[in-house]
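Note sheet for the following structure.
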Amino acid sequence: MSTGTLSPMKFAHWIPNVSGGLVVSKVPQRTDWGLNYNINLVKIAEEVGFDYGLTQIRFMGSYGAEYQHDSLMFTAALLSCTDRLNIITATLPGMFHPAVMAKHGATADQIFNGRWSIHIASGWFREEYDALGVPWFEHDERYVRSQEFVEILRGSWTEDNFHFDGKYWNIQGYTLKPKPLAIPGRPTPEIFQGGNSLAAQRMAAAVSDWYLMNGNSTKGFKKQIDNIKKLAFVRGRTLKFGVNAFVIARETETEARDELERIVGSADGVAIGGFKEAVKEAGQSTKEHEGMWTESTDRDLVQYNDGFKTDLIGTPEQIAQRIHNFRKIGVDLILCGFLHFHEETRFFGERVIPLVRELERSDPVTRSTFG
Ligand SMILES: Cc1cc2nc3c(=O)[nH]c(=O)nc-3n(C[C@H](O)[C@H](O)[C@H](O)COP(=O)(O)O)c2cc1C
Numbered sequence: 003m004s005t006g007t008l009s010p011m012k013f014a015h016w017i018p019n020v021s022g023g024l025v026v027s028k029v030p031q032r033t034d035w036g037l038n039y040n041i042n043l044v045k046i047a048e049e050v051g052f053d054y055g056l057t058q059i060r061f062m063g064s065y066g067a068e069y070q071h072d073s074l075m076f077t078a079a080l081l082s083c084t085d086r087l088n089i090i091t092a093t094l095p096g097m098f099h100p101a102v103m104a105k106h107g108a109t110a111d112q113i114f115n116g117r118w119s120i121h122i123a124s125g126w127f128r129e130e131y132d133a134l135g136v137p138w139f140e141h142d143e144r145y146v147r148s149q150e151f152v153e154i155l156r157g158s159w160t161e162d163n164f165h166f167d168g169k170y171w172n173i174q175g176y177t178l179k180p181k182p183l184a185i186p187g188r189p190t191p192e193i194f195q196g197g198n199s200l201a202a203q204r205m206a207a208a209v210s211d212w213y214l215m216n217g218n219s220t221k222g223f224k225k226q227i228d229n230i231k232k233l234a235f236v237r238g239r240t241l242k243f244g245v246n247a248f249v250i251a252r253e254t255e256t257e258a259r260d261e262l263e264r265i266v267g268s269a270d271g272v273a274i275g276g277f278k279e280a281v282k283e284a285g286q287s288t289k290e291h292e293g294m295w296t297e298s299t300d301r302d303l304v305q306y307n308d309g310f311k312t313d314l315i316g317t318p319e320q321i322a323q324r325i326h327n328f329r330k331i332g333v334d335l336i337l338c339g340f341l342h343f344h345e346e347t348r349f350f351g352e353r354v355i356p357l358v359r360e361l362e363r364s365d366p367v368t369r370s371t372f373g
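For the sequence shown, the working numbering gives the first residue as 3, with consecutive numbering after it.
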C-alpha cells in the first residue's frame with residue numbers, strides 16, 4: 003500500500019424518499035419519507051459535514067416501502083434548499099432514455115452549481131418492470147444496457163455532434179447545450195454505480211466513477227476493491243469505492259447493540275419473505291452466484307442493503323476507528339443509514355466525523371493530505 007496518499011474519507015447519507023425508513027422492521031421510527039422531513043435532513047447533513055445524499059429509485063413497494071417519491075424530482079427539491087451538499091439521483095436504465103437523463107442532469111448541474119450526481123442501479127425488482135411493461139433482461143445483460151447508458155451520458159456531456167451505435171440505443175449527432183459545468187478535477191457530474199456481482203464489477207471498472215457496495219465484512223469489501231482496481235488498471239482507469247452501513251452510534255456499546263436487537267426483534271417477517279424472493283433476480287441468478295444478497299441471512303435483510311454487516315455499531319470511538327480502518331483498505335466513502343435520521347445524522351456528524359478526522363491527521367498513511 004502506498005503511504006501518505008489517502009485523502010480524507012467522504013460521507014454520504016441515504017435520503018429516505020421511500021416510506022418505512024431503512025429497516026424492514028416495525029420498531030418505532032421517527033424517520034419520515036416526506037419532503038419537509040427530508041429538507042430538514044439535508045440541511046442538518048451539510049451543516050455537520052456530510053458530502054453527499056443518495057436518493058433511492060423505486061416504482062412500487064418492496065421491503066415495505068409502500069410509498070415512493072421520484073428520485074429526480076426529489077433531488078431538485080432538496081438541491082434548491084441546500085448550498086454545499088451534492089445530491090445523487092438514483093436511476094434505472096431500463097426506465098429512462100440516457101440522452102434525456104443527460105439533459106436533466108446537465109440542467110440540474112448548471113442551476114445547482116455542480117452539486118448533482120447520478121447513481122446507476124441496474125435493477126433486481128422484476129415486478130416493477132413487468133408492471134410498467136418494460137422488458138426484463140437476464141442479469142448480466144442488464145449491465146450491458148447500463149454500460150451503454152453511462153457511455154451515452156458521458157458522450158452527451160462531453161462531445162458535440164455525439165454519435166453512439168449501441169445494442170440498446172442509437173444516438174445520431176446529438177449536441178447537448180448547455181453541457182454540465184466545467185469544474186477542475188471533475189470532467190462530468192460523478193457517476194455512481196450499485197450492484198456487486200462480477201458483471202457489476204466489470205462495468206464499474208470500465209465506465210463508472212464510483213462503485214457502491216452493500217454492507218459487508220472488511221474481507222468482503224477488500225475482495226471487491228482489489229478485483230475492480232485490477233480490472234480498471236488494465237483499462238488505464240481508476241475509480242472510487244463507497245460502502246453502505248447502518249450506523250447505530252450510542253454513548254455505550256451496550257446501548258447500540260440493544261438498539262440493533264430491538265430493530266431485528268421487531269422485523270417484518272412477511273415483507274422480508276417477499277424481498278428475499280425478489281432478490282433472487284440479483285447476484286444469485288448469475289452463474290458465479292456472486293453479488294448483492296447472495297449470502298444474506300434473514301437477520302441481514304432487515305436492513306435491505308445489508309447495512310448491519312458493516313458493523314458501524316457501538317460508541318463514536320469504536321465506529322471512528324472502524325471507519326479509519328476501512329479507509330486503509332481503499333474505501334473512499336461511507337454511505338450511512340440511520341433509524342431516526344434527523345437526530346442520528348447530527349450525532350454522527352458532531353461526534354463521529356471529528357474523531358475520524360483526528361485519526362486521519364495522526365496516521366502517516368493519511369496525514370499528508372491534511373497539509
Ligand atoms: C448503495 C446501493 C444503492 C442502491 N439503490 C438502488 C435503488 O435505489 N433502486 C434499485 O432498484 N436498486 C438499487 N440498488 C441495487 C443495484 O443497483 C443492483 O441492481 C442490484 O443490487 C443487483 O446487483 P448485483 O449486481 O449484485 O446482482 C442499489 C445498490 C447499492 C449497492
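Positions of the beta carbon are idealized from the N, C-alpha and C atoms, including for glycine.
Alpha helix (DSSP H) containing Met205: first to last residue? Translated into positions along the sequence shown, residue 205 becomes position 203. Met205 -> alpha helix (DSSP H) spans 200-209.
For the pair the segment 275-286 and the segment 183-192, tell me if three or more CB-CB distances fall below 8 Å. Too few Cβ pairs lie closer than 8 Å, so no.
When we look at the beta-carbon of Val354 and count the other beta-carbons within 10 Å, is it buried (16 or more) or exposed? For the purposes of this step, residue 354 is identified with residue 352 of the sequence shown, where counting begins at 1. With 16 or more Cβ atoms within 10 Å of its Cβ, Val354 is classed as buried.
When every heavy atom of ligand 1 is checked, does at least one fall within less than 7 Å of the C-beta of Gly168? Here residue 168 refers to the residue found at position 166 of the sequence shown. Checking every heavy atom of ligand 1 against the Cβ of Gly168, none is found closer than 7 Å.
In or out: Gln11 buried (at least 16 other Cβ within 10 Å) or exposed? By one-based count along the sequence shown, residue 11 stands at place 9. Going by the sequence as given, residue 11 is Met instead of Gln. Classified as buried, Met11 has 16 or more neighbouring CB atoms from the shown chains inside 10 Å of its CB.
With a CB to CB cut of under 6 Å and the five nearest residues on each side skipped, what residues in its chain are close to Val25? Locating residue 25 in the sequence shown gives position 23, counting from the first residue. When the five nearest sequence neighbours on each side are left out, the beta carbons in the same chain lying within less than 6 Å of the beta carbon of Val25 are those of Ile265, Val304, Gln305, in order along the chain.
Ordered along the chain, which non-local residues of its own chain (more than five positions away) have a Cβ less than 6 Å from that of His71? By one-based count along the sequence shown, residue 71 stands at place 69. Around His71: Asn19.
Just grab the DSSP bridge partners of Val26 for me. Along the sequence shown, read from residue 1 onward, the residue named residue 26 stands at position 24. Answer is none; Val26 lacks a bridge partner.
The segment 259-277 / the segment 350-364 touching (three or more Cβ pairs under 8 Å): No contact exists between the segment 259-277 and the segment 350-364.
Ignoring anything shorter than 4 residues or poking outside the segment 191-266, list the alpha helix (DSSP H) runs there in chain order. Listed in chain order, they are 200-209, 220-236.
With hydrogens ignored, establish whether the beta-carbon of Phe223 is closer than 7 Å to any heavy atom of ligand 2. Ligand 2 is not among the ligands present in this structure, which contains only ligand 1.
Below 7 Å CB to CB, which residues in the same chain sit around Glu255 once its five sequence neighbours on both sides are set aside? The count along the sequence shown starts at 1 and reaches residue 255 at position 253. Result list for Glu255: Gly316, Thr317, Gln320, in chain order.
Boundaries (first-last residue) of the beta strand (DSSP E) holding Lys12: In the sequence shown, counting from the first residue as 1, residue 12 sits at position 10. Counting along the chain, Lys12 sits inside the beta strand (DSSP E) bounded by residues 12-16.
Nearest neighbour of Asn40, chosen from Glu345, Trp212, Ser27, Gln203 [CA to CA]: For this step, residue 40 is matched to residue 38 along the sequence shown. Ranking Glu345, Trp212, Ser27, Gln203 by Cα distance to Asn40 puts Glu345 first.
Does the beta carbon of Leu94 fall short of 7 Å from some heavy atom of ligand 1? In the sequence shown, counting from the first residue as 1, residue 94 sits at position 92. It does: the Cβ of Leu94 is within 7 Å (strictly closer) of some heavy atom of ligand 1.
Got a sec? Which residues, its chain only, sit under 8 Å from Gly66 by beta carbon, not counting five neighbours each side? Counted from its first residue, the sequence shown places residue 66 at position 64. Cβ neighbours of Gly66 beyond the five flanking positions: Ser21, Gly22, Val26, Asp270, Ala273.
Can you grab the Cα-Cα spacing for the pair Val146 / Met205, in whole Å? Sequence index remark: in the sequence shown, residue 146 carries index 144 (1-based). Sequence index remark: in the sequence shown, residue 205 carries index 203 (1-based). Between the alpha carbons of Val146 and Met205 lies a distance of about 8 Å.
On the DSSP letters alone, give me the boundaries of the alpha helix (DSSP H) that Ile185 sits inside. Position 183 of the sequence shown, counting from 1, holds the residue named residue 185. That residue, Ile185, is in no alpha helix (DSSP H); it is neither H nor E in DSSP.
In terms of residues, what are the limits of the alpha helix (DSSP H) holding Gly157? Counting from 1 along the sequence shown, the entry for residue 157 is found at position 155. For Gly157, the enclosing alpha helix (DSSP H) covers residues 141-160.
Which first and last residues belong to the beta strand (DSSP E) in which Tyr54 is found? The sequence position of residue 54 within the sequence shown is 52, counting from 1. 54-56 is the span of the beta strand (DSSP E), which, as asked, contains Tyr54.
Buried or exposed for Leu214, please, with buried defined as at least 16 other CB atoms from any protein chain shown within 10 angstroms of its CB. By 1-based counting over the sequence shown, the position of residue 214 is 212. Buried, because 16 or more other Cβ atoms sit within 10 Å of the Cβ of Leu214.
Between the Cα of Ala123 and the Cα atoms of Val152, Cys338, Leu341, which residue gives the shortest distance? Here the question's residue 123 lines up with position 121 in the sequence shown. It is Val152 whose Cα lies nearest to the Cα of Ala123.
Between the Cα of Asn88 and the Cα atoms of Phe13, Arg324, Gly222, which residue gives the shortest distance? Taking the first residue of the sequence shown as position 1, residue 88 is located at position 86. Taking only the C-alpha atoms, the option nearest Asn88 is Phe13.
Excluding the 5 residues preceding and the 5 following Arg156 in the sequence, name in chain order all residues of the same chain whose CB lies nearer than 8 Å to its CB. Here residue 156 refers to the residue found at position 154 of the sequence shown. The residues Thr190, Ile193, Val209, in chain order, have a CB closer than 8 Å to that of Arg156 in the same chain once the five nearest residues on each side in sequence are set aside.
If you measure from the CB of Met215, is any heavy atom of ligand 1 nearer than 7 Å? Mapped onto the sequence shown, residue 215 falls at position 213. Checking every heavy atom of ligand 1 against the Cβ of Met215, one is found closer than 7 Å.
Quick one: Cα of Phe139 to Cα of Asp334, how far? Along the sequence shown, read from residue 1 onward, the residue named residue 139 stands at position 137. Along the sequence shown, read from residue 1 onward, the residue named residue 334 stands at position 332. Rounded to the nearest whole angstrom, the C-alpha separation of Phe139 and Asp334 is 32 Å.
For the segment 307-344, list the alpha helix (DSSP H) runs that are entirely contained and at least 4 residues long, ordered along the chain. Note on the segment 307-344: whole alpha helix (DSSP H) runs with a minimum of 4 residues are 318-330, in chain order.
At a cut-off of 7 Å, would you count Arg329 as near ligand 1, judging by its Cβ distance to the nearest heavy atom? By 1-based counting over the sequence shown, the position of residue 329 is 327. Look at Arg329: its beta carbon is at least 7 Å from all of the heavy atoms in ligand 1.
Euclidean distance between Cα positions of His342 and Gln31: By one-based count along the sequence shown, residue 342 stands at place 340. By one-based count along the sequence shown, residue 31 stands at place 29. Rounded to whole angstroms, His342 and Gln31 show a C-alpha spacing of 6 Å.
Closer than 7 Å to a non-hydrogen atom of ligand 1 - does that hold for the CB of His99? On the sequence shown, residue 99 is found 97 positions in, with the first residue counted as 1. Shortest gap from the CB of His99 to any heavy atom of ligand 1: 7 Å or more.
In its own chain, which residues sit with a C-beta less than 6 Å from the C-beta of Met3, not counting the 5 before and 5 after it? In the sequence shown, counting from the first residue as 1, residue 3 sits at position 1. Because Met3 sits at a pLDDT of 40, beneath the cut-off of 50, its placement in the model cannot be relied upon, and the following sentence gives the value as read from the coordinates. Taken in chain order, the list of residues that qualify is empty.
Could you pull out every residue in the same chain whose Cβ sits closer than 6 Å to the Cβ of Ser375, ignoring the five residues on either side in sequence? Here the chain has residues from 3 to 373 only, and residue 375 is not among them.
Can you give the Cα-Cα distance for Arg329 and Gly135, rounded to whole angstroms? As a first step, residue 329 is located in the sequence shown; it is residue number 327 there, counting from the start. As a first step, residue 135 is located in the sequence shown; it is residue number 133 there, counting from the start. In this structure, the straight-line span from the alpha carbon of Arg329 to that of Gly135 is close to 43 Å.
Quick one, which of Gly96, Ile17, Ser82, Gly196 has its alpha-carbon nearest Trp295's? One-based indexing of the sequence shown puts residue 295 at position 293. Ranking Gly96, Ile17, Ser82, Gly196 by Cα distance to Trp295 puts Gly196 first.
With a threshold of 7 Å on Cβ separation, who are the neighbours of Leu357 within its own chain once the five nearest residues in sequence on each side are excluded? By one-based count along the sequence shown, residue 357 stands at place 355. Cβ-Cβ distances below 7 Å link Leu357 to Pro318, Glu319, Ala322 in the same chain, with the five nearest sequence neighbours on each side left out; the list follows chain order.
Whole beta strand (DSSP E) elements within the segment 79-138, 3-residue minimum: Here the runs fully enclosed are 88-93, 118-122.
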